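Take a look at the structure below.
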Amino acid sequence: VMPDDVKTALESHPAVAGAAVVGRPDPRLGETPVALVELRTGSAADPDELTDFLRTRLARYEIPAEVQITDSIPRTPSGKPDLTA
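Note that our numbering numbers the sequence shown so that position 44 is 27, with each residue one more than the last.
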C-alpha cells in the first residue's frame, strides 16, 4: 500500500484538512495502514463516512484498517507529518 495514495484520497474529501497514513504491525499481513485525519474547522465527518468515501477511490487492500479523527496531526519543523510522534 502506498501511503501517499491513501493520504491523497483522504485529502480529497471536503471535510478533511490533512491526513497522515502509517503502518501498524499486523500478525497476519505484516503491516496494515492506519489513517490519522484532521478535519477542517466547522466540518464534520466520522471514520465510517471517510472509510466509505475511500471505498469509492481505492482498491480494497488500500483501505486503512482504522481511521482516527484527531484535533491536529503532529508536524516536524518543516511542516511534514511527524510519523514518529
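A virtual CB, placed ideally from N, CA and C, is assigned to each residue, including glycine. Note that the coordinates shown come from a computational prediction; the quantities given were computed from them, not determined experimentally.
Looking only at its own chain, which residues have a Cβ that is under 6 Å from the Cβ of Ile56, when we skip the five neighbours before and after it?
-> Gly1, Ala3, Leu19, Glu21, Pro64
Helix, strand or coil: which one does DSSP assign to Pro16?
-> strand
Would Leu12 be called buried (16 or more neighbouring beta carbons within 10 Å of its own) or exposed?
-> exposed
Under the three-state DSSP convention, the category Pro30 falls into = helix
List the whole-angstrom C-beta distance separating Thr39 from Val50, where the pair is believed to meet the contact cut-off of C-beta under 8 Å.
-> Their Cβ separation, rounded to whole angstroms, is 15 Å, which puts Thr39 and Val50 out of contact at 8 Å.
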